[in-house]
């Protein structure tokens, strides 16, 4: 009964605040604290406000209300722990699934009693429509941020003044972490966190700086591969290295499985380094400077690069490209089915391959191997042999070599050169 007045007061404050939220919705000033009510919380995944009210007895109560808001999302939160101000404030930036996994891991680690940091915000790419008339769907990182109840921003551009004002005045990060965010960070952003910005980059820097490090490293046949944790500077992937791990991989490893593995390793390395970064033991000045003479650029991939050219490439080169481009854009060949050259060429996606040790006389005829689980054998112009284990003809599902041959109904098949060249 003694708590009844406090509950009544809380209810009055909530009703008053809800009214103010509706009336003052366009106003930016409604981001400040109102008496015992902590900052407004807004999520772009499902636009909403959440209010945490602290009663006189020290307990707190969480109340939520919803309505549509501006073009990018926010989620303001304040910890109920008295010592929260002593923890380093971390802002996480990322977009795809691998980054979402990193965010979960870092957040879970931040919840341990002895953690020196807390995740106070997330920045991710704006929601997108997956289908022409479908509703907008948040990024994987956006979905995880909503699940965890973390403050979320989705600016169209990281250089937007309003977004940067938001970070400077409201979020106030001490350290930023980026993992496949997908946007260039301006100097004003990099100047905000006092401990700097750390990036998880899936290559052994300075080799493979740029947008497609895993794809380019597999395409080049690198082994070992690896992941680096580095400070972000204005020049892409050129900052000093905080930690680096190498990994020996199987000769048939594809980007689809390698990318998440490297991000898992990189996230662990970053978490191990965080205490030293926060204490100031690791800084821009003490981290390892990259050797510019060893730089290799991981340029963005063009979809046209997916075509295999047995007349110009060896079986190993074809195989490495299949491995590297497994996520996007994939690799393909054009087949001629049957002896009638007037038949339209068939575009076939090459999904899984391996290189045979044997060599053969160059030919454009494709045949299946003699053993039960053998694939389609393609002989390159240098005599090396690529075995295609899984393929996907246009408009069809992925299938193994035997299923593909069964569908030929006895017709021969040849690979074609000169198309799209």
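Numbering (the numbering used here), first residue to last: 68 to 488.
Using N, Cα and C, we set each Cβ at its ideal position, and we do this for glycine too.
The beta-carbon separation of residue 365 and residue 280, rounded to 4 Å, stays under the 8 Å limit for a contact. Taking all protein chains shown into account, residue 274 has 16 or more neighbouring C-beta atoms within 10 Å of its C-beta and is therefore buried.
In the DSSP assignment, residue 244 falls within the beta strand (DSSP E) that extends over 242-246. Spatial neighbours of residue 312 in its own chain (CB-CB distance under 6 Å, excluding positions within 5 residues in sequence) are listed in chain order as 293, 294, 332, 336. Under the DSSP assignment, residue 207 falls in the alpha helix (DSSP H) whose first and last residues are 207-215. Residue 171 carries a helical assignment under DSSP once its states are collapsed to helix, strand and coil. Distance from the CA atom of residue 237 to the CA atom of residue 187, rounded to whole angstroms, is 10 Å. Between residue 413 and residue 422, the CB-CB gap reaches or exceeds 8 Å.
Listed as beta-bridge partners of residue 460 by DSSP are 415. Of 297, 199, 319, the smallest CA-CA separation from residue 454 is found for 319.
Residue environment analysis places residue 163 among the buried positions, since at least 16 neighbouring C-beta atoms fall within 10 angstroms of its C-beta.
DSSP assignment within the segment 293-372 yields the following whole beta strand (DSSP E) runs of 3 residues or more, N-terminal first: 308-314, 363-365. If the five residues before and after residue 299 are omitted, its C-beta is found closer than 6 Å to the C-beta atoms of 264, 266, 306, all from its own chain and listed in chain order. The Cβ atoms of residue 240 and residue 260 sit closer than 8 Å to each other. Taking the Cα positions, residue 317 is about 20 Å away from residue 451. Three or more beta-carbon pairs separated by less than 8 Å are not found between the segment 465-474 and the segment 391-403, which leaves the two stretches without contact. Our two residues, residue 381 and residue 179, have alpha carbons roughly 52 Å apart in a direct line. In the three-state scheme derived from DSSP, where H, G and I count as helix and E and B as strand, residue 154 is classed as coil. Collapsing the DSSP output to three states places residue 265 in a strand.
Distance from the CA of residue 379 to the CA of residue 433, rounded to the nearest whole angstrom, comes to 17 Å.
The C-alpha of residue 326 is placed about 18 Å away from the C-alpha of residue 244. 384 is the residue among 384, 407, 466 whose C-alpha sits nearest the C-alpha of residue 447. Residue 257 sits in a helix when the DSSP states are folded into three classes. Rounded to the nearest whole angstrom, the C-alpha separation of residue 417 and residue 466 is 10 Å.
Residue 465 carries a coil assignment under DSSP once its states are collapsed to helix, strand and coil.
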